[in-house]
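The structure appears below as structure tokens.
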Amino acid sequence: MMTKTVRRARLLTALLFLASGLITIGQSYELPFGSLRQLKPGFFPIVFGGLLTGLSVLMLIGLLGSRPHHTGPAEEREADEPVHWRGLLSFSGIFALFLAVSYMLGFVIAMFAALAASGFVLGLRGWRLAVLAVATTSAIWLIFDVWLGVTLPPGIWL
1 MMTKTVRRAR LLTALLFLAS GLITIGQSYE LPFGSLRQLK PGFFPIVFGG
51 LLTGLSVLML IGLLGSRPHH TGPAEEREAD EPVHWRGLLS FSGIFALFLA
101 VSYMLGFVIA MFAALAASGF VLGLRGWRLA VLAVATTSAI WLIFDVWLGV
151 TLPPGIWL
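Structure below.
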């Protein structure tokens with residue numbers, strides 16, 4: 001069920017993502033694109049800007065085709081939409097942790113810590129949490145450092 005408030009929030013989010021995608025494409029349009037065998041600086045910004053734009057358009061089409069549901073007085077409808085302060089504060093703290101750790105110890109260690117903390121907040125424990133953090137961090141390192149040859153920031157202490 002989607003109330004007016006939820007619908008407005010989703011419309012605003014879709015419009016912001018659409019603008020972000022279009023700005024990304026516009027800013028990276030002049031960069032050389034390359035090919036799958038030899039990537040150039042414009043490859044990822046244009047591909048991800050295009051994906052973001054396309055998904056935003058699909059989200060807007062879905063939202064514009066739907067109508068908000070009315071179940072009762074406005075106060076009842078608004079009361080059903082809780083604000084998840086714990087999650088908001090947790091992920092804000094994880095982002096701050098990521099920034100501090102990446103500055104001090106480098107991007108790879110910060111990514112591992114942020115993924116482990118995010119997984120923990122989302123309820124992962126034990127081997128699943130370890131697999132999430134290790135596999136994702138390893139994949140990011142392999143893609144950027146090894147495959148693309150882009151050295152990830154080492155931090156000031158490493």
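Each residue of the sequence shown is one higher than the one before, starting from 1 at the first, in full-length UniProt numbering. We put the beta carbon where it would ideally sit given N, CA and C, even for glycine. Note that the structure is a prediction, hence the values are computed from the model and not measured.
Whole-Å CB distance - residue i paired with residue j, under 8 Å assumed
i      : j      : result
Ser20  : Leu52  : 6 Å
Leu105 : Ala116 : Leu105 to Ala116, Cβ: 14 Å. No contact.
Arg7   : Leu63  : 7 Å
For residue i, the residue or residues it bridges with in DSSP
i     : result
Leu18 : Bridge partners of Leu18: none, in fact.
Gly34 : Leu39
Closer than 7 Å: residue i CB and nearest the ligand NAP heavy atom
i      : result
Pro153 : The model on display carries no ligand, and the ligand NAP is accordingly not part of it.
Rounded C-alpha distance that separates residue i from residue j
i      : j      : result
Glu30  : Leu60  : 28 Å
Trp56  : Leu142 : Position check: residue 56 holds Ser in this sequence, whereas Trp was assumed. If you take the alpha carbons of Ser56 and Leu142, they lie about 29 Å apart.
Phe95  : Ser66  : 34 Å
Ser102 : Gly93  : 14 Å
Gly34  : Met111 : 28 Å
Ala133 : Val108 : 11 Å
Ile23  : Ala14  : 14 Å
Val131 : Val150 : 24 Å
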